[in-house]
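A.B. asks: Please see the structure below; I have some questions.
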Amino acid sequence: MDQFTQLTVDALTLGSVYALIALGYTLIYGVLKLLNFAHGDVFMVGSFIGFGVLQLLGGTDNPVVPVWALLVIITFAAMAGCATLGVVIERFAYRPLRDAPRIAPLISALGVSFFLANSMQLLFGADPRNYNTFDLSNGALYLRGIDIGNVRVPLLRIITIVAAFVLMVLLWFLVNRTRTGKAMRATSFDREAAAMMGIDIDRVIVFTFVLGSALAGAAGVLFAVRVPTTVSIGFVAGLKGFTAAVIGGIGSIPGAMAGGLILGFAESYTQGYVSTKWSDLVVFSILIAFMIFRPQGLLGRPDISKV
Amino acid sequence: MSLLELDNVDTYYGQIHILQGLSIRIEPGELVCLLGGNASGKSTTLKTILGIVRPRTGMVRIEGEDVTKRPTSYRIGRGLAIVPENRRLFAPMTVLENLEMGAYLRGGGAKEDFERVYELFPLLHERRAQLAGTLSGGEQQMVAMGRALMSRPKLLLMDEPSMGLAPILVEKNFEIIEQVHQSGVAILVVEQNANVSLSIADRGYVLSTGRLVLEGKAADLRENEDLRKAYLGR
Numbered sequence: 003m004d005q006f007t008q009l010t011v012d013a014l015t016l017g018s019v020y021a022l023i024a025l026g027y028t029l030i031y032g033v034l035k036l037l038n039f040a041h042g043d044v045f046m047v048g049s050f051i052g053f054g055v056l057q058l059l060g061g062t063d064n065p066v067v068p069v070w071a072l073l074v075i076i077t078f079a080a081m082a083g084c085a086t087l088g089v090v091i092e093r094f095a096y097r098p099l100r101d102a103p104r105i106a107p108l109i110s111a112l113g114v115s116f117f118l119a120n121s122m123q124l125l126f127g128a129d130p131r132n133y134n135t136f137d138l139s140n141g142a143l144y145l146r147g148i149d150i151g152n153v154r155v156p157l158l159r160i161i162t163i164v165a166a167f168v169l170m171v172l173l174w175f176l177v178n179r180t181r182t183g184k185a186m187r188a189t190s191f192d193r194e195a196a197a198m199m200g201i202d203i204d205r206v207i208v209f210t211f212v213l214g215s216a217l218a219g220a221a222g223v224l225f226a227v228r229v230p231t232t233v234s235i236g237f238v239a240g241l242k243g244f245t246a247a248v249i250g251g252i253g254s255i256p257g258a259m260a261g262g263l264i265l266g267f268a269e270s271y272t273q274g275y276v277s278t279k280w281s282d283l284v285v286f287s288i289l290i291a292f293m294i295f296r297p298q299g300l301l302g303r304p305d306i307s308k309v
Numbered sequence: 514m515s516l517l518e519l520d521n522v523d524t525y526y527g528q529i530h531i532l533q534g535l536s537i538r539i540e541p542g543e544l545v546c547l548l549g550g551n552a553s554g555k556s557t558t559l560k561t562i563l564g565i566v567r568p569r570t571g572m573v574r575i576e577g578e579d580v581t582k583r584p585t586s587y588r589i590g591r592g593l594a595i596v597p598e599n600r601r602l603f604a605p606m607t608v609l610e611n612l613e614m615g616a617y618l619r620g621g622g623a624k625e626d627f628e629r630v631y632e633l634f635p636l637l638h639e640r641r642a643q644l645a646g647t648l649s650g651g652e653q654q655m656v657a658m659g660r661a662l663m664s665r666p667k668l669l670l671m672d673e674p675s676m677g678l679a680p681i682l683v684e685k686n687f688e689i690i691e692q693v694h695q696s697g698v699a700i701l702v703v704e705q706n707a708n709v710s711l712s713i714a715d716r717g718y719v720l721s722t723g724r725l726v727l728e729g730k731a732a733d734l735r736e737n738e739d740l741r742k743a744y745l746g747r
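Just so you know, the sequences run in chain order A and B. Residue 3 is where the first sequence starts when you use the numbering used here, and the numbers rise one by one after that. Residue 514 is where the second sequence starts when you use the numbering used here, and the numbers rise one by one after that.
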């Protein structure tokens, strides 16, 4: 029972980070029909921005602001930095290819992915960066928390999960309740019809990159507060986020959230009950099963082409 | 000053020359129809007016202002609105949200705008929370029309309003077009169905393979022998 609780908490932490990455994939795919393979590397850059800002604020040993403010500031800094990065990527790597065949921006995306990973390695080296969050207020983030049975759920886990869900709720609100969000949905359903309503498609696309990349930045920090980050995490993180988006139904926002959580649970339970070695096998087997039996994903709409 | 003017416009799709020296104009408050068969360039004319495609030569003017190089959103802001062919509703969004998108440049629509549309189509008020994709064809046509009117257009463009509708709905639809026209909105109806559109229009243009072949008062066009042979049967 205790192991189950422990694994479930792990699953939620991992799953909510995957969900945030998957949301970026799904948002950008929704409006642009582009698989932004650079998205995982934006996530990686986010984790580094968080690390950099943390050092600027005195590091974990000597923070110049209270712990809660520290966490908020590094998250927002990563979100803002990644949003900017996303806008730049869109402007220079995708917009010139807007009317090119679909394979061209896809290859451009792979190029951006390599560019980001390798530039970061040149700039910062391949060593892992550890936020050392354990040292914040003498380990309070790890030692304090909520007890469920004999398991103590550390404060840091709770913060991670809650932050991810708050971001998802905010996104849901933005997309469903605001004028810009509705314009995004309209554009993603029928770009030309949206333009006919007077919606500035370029602005909607830029806004989508801001949103998706900011979520990736937040995910980068929420991931790296627990696990040391390196310049090479982008590839695997991107792959997992992409898988989650596809399982949930690419283009579907609730789908991306569900897909991320499914992946988190699959990975965590496999690691706990079977073997760590098997977890990626299980995760990608789920992807293959979906591709065979439900290619549109959990909540996606089947792609009906007009004749 | 004409509300809308296409001045000697040539539009291409790649190498293919679609519109060939086309000039049309629409005065404020007029109801004009643009007739033509398949591949006559009707849709391209609308796309040129809206700026979805740009002409290689020639000019598009709205109230005298050259908008040839302006994007679609600018032209919508200058008073154009369209009911596209096959309606093109945002199916996964509610009726209300579809209407809001129509008034996108006006901040999502004022209360009066909604009231005006609901007065014209009381059913839409009833169905406002329903997803647009779940409505019947006739109801969807109402949403498309309401959505276009939400922007308070000076010129309403209608692309094939009779397409895919039952005859009784076509008649109903044209009644609504007349009603909107009487409220002072200029309308350009693009149609294959010459009979019904000429019966309500002030003037008409006839396109064939991208060229203007006939123009004149609707009443005269109705009597025109060539047009009768080509479109009206008998």
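Glycine included, C-beta positions come from ideal geometry on N, C-alpha and C.
Please list, in chain order, the residues of the stretch 608-625 of chain B that have any C-beta partner in chain A closer than 8 Å.
C.D. replies: If the cut-off is 8 Å between Cβ atoms, the stretch 608-625 of chain B has 610, 613, 614, 615, 617, 618, 620, 621 near chain A.
A.B. asks: So if I threshold CB-CB distances at 8 Å, which residues from the stretch 177-193 of chain A count as touching chain B?
C.D. replies: Within the stretch 177-193 of chain A, the qualifying residues are 181, 184, 185, 187, 188, 191, 192.
A.B. asks: Measure the C-alpha to C-alpha separation of residue 77/A and residue 36/A and round it to an integer number of angstroms.
C.D. replies: When rounded, the distance between both Cα atoms is 27 Å.
A.B. asks: At least one CB of chain D closer than 7 Å to the CB of residue 259/A: is that the case?
C.D. replies: Of the protein chains in the structure, A and B, none is chain D.
A.B. asks: Determine the extent of the alpha helix (DSSP H) in which residue 736/B is found, giving its start and end residues.
C.D. replies: Note, residue 736/B: alpha helix (DSSP H), 731-736.
A.B. asks: Is the stretch 193-206 of chain A touching the stretch 84-91 of chain A, taking contact as three or more C-beta pairs under 8 Å?
C.D. replies: The stretch 193-206 of chain A vs the stretch 84-91 of chain A: no contact.
A.B. asks: Which bits of chain B does residue 255/A rub up against, with CB to CB less than 7 Å?
C.D. replies: Neighbours of residue 255/A on chain B: none; closest Cβ ~11 Å, over 7 Å.
A.B. asks: State whether the stretch 123-133 of chain A contacts the stretch 46-59 of chain A, with contact taken as three or more CB pairs (one from each stretch) at a distance under 8 Å.
C.D. replies: Flag = yes, the stretch 123-133 of chain A and the stretch 46-59 of chain A touch.
A.B. asks: Thinking residue 38/A and residue 111/A are a contact (beta carbons under 8 Å), I'd like their distance in whole angstroms, please.
C.D. replies: Right, the Cβ-Cβ distance comes to about 5 Å (below 8 Å), so this counts as a contact.
A.B. asks: Do residue 218/A and residue 45/A come within 7 Å of each other at the CB atom, strictly closer than that value?
C.D. replies: The answer is yes: Cβ separation under 7 Å.
A.B. asks: Return the bridge partner residues of residue 546/B from the DSSP annotation.
C.D. replies: Residue 546/B pairs with 702/B, 717/B.
A.B. asks: Return the chain-ordered ranges of every beta strand (DSSP E) run that is complete within the stretch 180-217 of chain A and spans a minimum of 3 residues.
C.D. replies: With a minimum length of 3 residues, no continuous beta strand (DSSP E) run stays inside the stretch 180-217 of chain A.
A.B. asks: Check this for me: beta carbons of residue 11/A and residue 159/A, under 7 Å apart or not?
C.D. replies: Going by C-beta atoms, residue 11/A is nearer than 7 Å to residue 159/A.
A.B. asks: Using a C-beta cutoff of 7 Å, does residue 101/A count as contacting chain B?
C.D. replies: Cβ-Cβ to chain B under 7 Å: no for residue 101/A.
A.B. asks: If we count the other Cβ atoms within 10 Å of its Cβ and call it buried at 16 or more, is residue 101/A buried or exposed?
C.D. replies: Burial call: exposed.
A.B. asks: Under a Cβ-count criterion, where at least 16 other Cβ atoms within 10 Å of its own Cβ denotes burial, should residue 611/B be classed as buried or exposed?
C.D. replies: So residue 611/B counts as buried.
A.B. asks: From this set, 707/B, 572/B, 554/B, which residue's C-alpha is nearest residue 739/B's C-alpha?
C.D. replies: It is 707/B.
A.B. asks: Under a Cβ-count criterion, where at least 16 other Cβ atoms within 10 Å of its own Cβ denotes burial, should residue 582/B be classed as buried or exposed?
C.D. replies: It counts as exposed.
A.B. asks: When you compare each of 57/A, 274/A, 225/A, 300/A to residue 42/A by their alpha carbons, which one comes out closest?
C.D. replies: Checked all of 57/A, 274/A, 225/A, 300/A; the closest Cα to residue 42/A is 225/A.
A.B. asks: Closer than 7 Å between beta carbons: that is the criterion. Which residues of the stretch 29-57 of chain A meet it against chain B?
C.D. replies: Cβ contacts with chain B: none found.
A.B. asks: Is the separation between the beta-carbon of residue 598/B and that of residue 543/B shorter than 7 Å?
C.D. replies: No; because the gap between Cβ atoms is not below 7 Å, this pair is not in contact.
A.B. asks: Should residue 714/B and residue 546/B be called a contact, given that it needs their Cβ atoms to be closer than 7 Å?
C.D. replies: Cβ atoms of residue 714/B and residue 546/B: closer than 7 Å.
A.B. asks: Should residue 357/A go down as buried or exposed, given a rule of 16 or more other Cβ atoms within 10 Å for buried?
C.D. replies: Nothing in the structure corresponds to residue 357/A, since chain A is present only between 3 and 309.
A.B. asks: Taking all protein chains shown into account, do 16 or more other C-beta atoms lie within 10 angstroms of the C-beta of residue 568/B, making it buried, or fewer, making it exposed?
C.D. replies: It is buried - the Cβ of residue 568/B has at least 16 other Cβ atoms within 10 Å.
A.B. asks: Assuming contact is defined by CB atoms lying nearer than 7 Å, are residue 595/B and residue 670/B in contact in what I supplied?
C.D. replies: Contact flag set, yes.
A.B. asks: Give, in chain order, every residue of the stretch 624-640 of chain B whose Cβ lies closer than 7 Å to some Cβ of chain A.
C.D. replies: From the stretch 624-640 of chain B, no residue has a Cβ closer than 7 Å to chain A.
A.B. asks: Give me the residue from 723/B, 716/B, 656/B, 623/B with the minimum Cα distance to residue 498/B.
C.D. replies: The first residue shown for chain B is 514 and the last is 747, placing residue 498/B beyond what the model contains.
A.B. asks: Helix, strand or coil, according to DSSP, for residue 695/B in the structure here?
C.D. replies: Three-state DSSP puts residue 695/B in a helix.
A.B. asks: Under 8 Å between beta-carbons, which chain B residues line up against residue 299/A? List them in chain order, please.
C.D. replies: None at all; the shortest Cβ gap to chain B is about 15 Å.
A.B. asks: For residue 212/A, which of 74/A, 80/A, 69/A has the nearest alpha-carbon?
C.D. replies: Selected option, being the one with the closest Cα: 80/A.
A.B. asks: With a Cβ-Cβ cutoff of 7 Å, do residue 155/A and residue 4/A count as a contact?
C.D. replies: No. Outside cutoff.
A.B. asks: Closest Cβ-Cβ distance between residue 556/B and chain A: below 7 Å?
C.D. replies: No, residue 556/B lies away from the interface with chain A (no Cβ there is under 7 Å from its Cβ).
A.B. asks: Can you give me the C-alpha to C-alpha distance between residue 734/B and residue 537/B, rounded to a whole angstrom?
C.D. replies: Using only the alpha carbons, I get a separation of about 16 Å.
A.B. asks: Which residues in chain A have a C-beta closer than 7 Å to the C-beta of residue 597/B? List them in chain order.
C.D. replies: Correct list: 195, 198.
A.B. asks: If you follow the alpha helix (DSSP H) that residue 660/B is in, where does it begin and where does it stop?
C.D. replies: 650-662 is the extent of the alpha helix (DSSP H) around residue 660/B.
A.B. asks: How would you list, in chain order, the residues of chain A whose beta-carbon sits under 8 Å from the beta-carbon of residue 585/B?
C.D. replies: Under the 8 Å cutoff, chain A gives 197, 198, 200.
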